[in-house]
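The numbering of the sequence shown is the working numbering, which starts it at 18 and goes up by one.
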Amino acid sequence: MTAPTSLASTWLIFFRMLEAYGIEAHTLLRELGIDPELPRKPGARLSTGLADAFVARAAGLIADPAFGLTAAECWHPSNLGVLGYAWLSSNTLHQGLQRIERYSRVIGDLWHCACVAEANGLRFVCDHGRGDMTIGHVLTDFTLSIALAMCRGNFARKLNPVRVFLRRPLPADPSPYQDFFACEVRFGAGEDAFVLATDDAEALLPTANRDLAETFDAILAQQLAAHRKEDLVSRCQVFLLRQLTSGEPSVGDLVKALGMSRRTLQRKLREMGTSYHEILEETRYELAKRYLQEPARSVTEITFLLGFSEQGAFTRAFKRWSGKAPSSYRMTTALQ
18 MTAPTSLAST WLIFFRMLEA YGIEAHTLLR ELGIDPELPR KPGARLSTGL
68 ADAFVARAAG LIADPAFGLT AAECWHPSNL GVLGYAWLSS NTLHQGLQRI
118 ERYSRVIGDL WHCACVAEAN GLRFVCDHGR GDMTIGHVLT DFTLSIALAM
168 CRGNFARKLN PVRVFLRRPL PADPSPYQDF FACEVRFGAG EDAFVLATDD
218 AEALLPTANR DLAETFDAIL AQQLAAHRKE DLVSRCQVFL LRQLTSGEPS
268 VGDLVKALGM SRRTLQRKLR EMGTSYHEIL EETRYELAKR YLQEPARSVT
318 EITFLLGFSE QGAFTRAFKR WSGKAPSSYR MTTALQ
């Protein structure tokens with residue numbers, strides 16, 4: 018198995034953080050045998066082991082245990098590659114956080130994020146894959162502070178989460194966390210997450226741009242598949258995303274694009290516990306839910322964007338997937 022990596026440009030944020038504490042980042046990188054110019058090379062990736070060593074060394078040099086929160090003041094959309102710009106074009110914070118969830122592996126192989134709907138809010142959970150090690154707590158502060166800064170930067174008014182959950186033990190001085198998150202912070206929790214009020218998560222953002230978002234999504238899907246070449250499901254999804262607007266893609270077209278026989282594709286997907294039909298259905302359903310959250314899109318338009326020949330076929334399929342007609346689902350979502 019290939020060793021895990023992360024997008025090198027994200028570490029430019031750490032450079033700025035270290036500089037704020039008077040530490041020369043380039044010197045630290047050279048000591049670890051890392052090319053200081055690597056993070057500035059488009060698409061370059063850094064070994065997770067080296068990245069963790071860099072964070073551990075930084076944590077040892079900085080006396081402030083909450084220094085990871087300063088990432089909120091040091092990030093730029095370009096540090097997250099295409100995902101940073103896809104975020105800016107999202108219709109709502111909910112959609113933006115869903116994009117982070119969907120493409121988090123582009124940023125780091127060990128990262129996993131999830132959006133969880135609650136009765137009166139949206140919980141954004143982040144797992145960096147480092148457990149409760151010291152660098153894990155630093156990376157939690159780093160990640161959640163950037164995610165919340167992204168939300169605040171896109172929002173048209175002041176934004177604070179409803180509550181925050183942190184796995185780190187209660188620090189001697191919790192005030193930096195209370196000041197930054199400006200809400201209830203629960204230490205020693207079972208996960209690292211923040212909760213946004215539903216009205217905030219679903220509010221239309223001033224930077225929303227549907228056309229740009231679709232373009233960025235296509236690029237991110239290609240990047241994810243290219244990075245995870247062993248992930249046949251991702252490669253199939255990329256093909257489907259490209260072809261759906263031209264009608265329902267055929268298995269023949271897919272195997273040709275993948276350079277394998279139909280029998281080989283079926284066997285490999287079966288070994289993974291899925292099939293072409295299931296991947297097609299799942300891809301359509303996820304896209305349908307996303308499109309239905311955009312009031313400007315008519316059900317007729319969505320029908321053709323998903324490769325259906327007529328609206329009745331889409332309506333029947335969506336009822337099968339969700340138990341509701343598209344119009345009912347849209348109304349229910351709008352009321353949440």
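Think of the CB as a built atom: it goes at the ideal place given N, C-alpha and C, for glycine as much as any other residue.
- Contact between residue 106 and residue 229 holds: CB atoms are separated by about 4 Å, below the 8 Å threshold.
- Taken through DSSP and simplified to helix, strand or coil, residue 134 comes out as strand.
- The shortest C-alpha to C-alpha distance from residue 175 to any of 298, 75, 214 is the one to 214.
- Rounded to the nearest angstrom, the Cβ distance from residue 159 to residue 88 is 5 Å, consistent with a contact under 8 Å.
- DSSP places residue 201 in the strand class (E or B) of the three-state scheme.
- By the criterion of a C-beta distance shorter than 7 Å, residue 84 is surrounded in its chain by 34, 38, once the five residues flanking it on both sides are discounted.
- Taking the Cβ atoms as the reference, residue 76 lies roughly 6 Å from residue 151, within the contact range of under 8 Å.
- Within its own chain, the residues whose Cβ lies closer than 8 Å to the Cβ of residue 156, once the five positions on either side in sequence are excluded, are 72, 85, 145, 147, listed in chain order.
- Across the structure, residue 29 and residue 56 are spaced so that their CA atoms are roughly 6 Å apart.
- Shown here, residue 313 sits in coil according to DSSP, grouped into three states, outside any helix or strand.
- Cβ-Cβ distances below 6 Å link residue 79 to 38 in the same chain, with the five nearest sequence neighbours on each side left out; the list follows chain order.
- Between residue 220 and residue 45, the alpha-carbon positions lie close to 42 Å from each other.
- Secondary structure of residue 172 (DSSP, three-state): coil.
- C-alpha of residue 41 to C-alpha of residue 141: approximately 33 Å in a straight line.
- When 302, 47, 189, 272 are compared, the shortest CA-CA separation from residue 323 is found for 302.
- The C-alpha of residue 161 lies about 8 Å from the C-alpha of residue 211.
- For residue 119, the closest of 329, 132, 110, 232 by C-alpha to C-alpha distance is 132.
- If you check the CB distance, residue 164 and residue 124 do not come in under 8 Å.
- Note that the C-beta distance between residue 310 and residue 177 is not below 8 Å.
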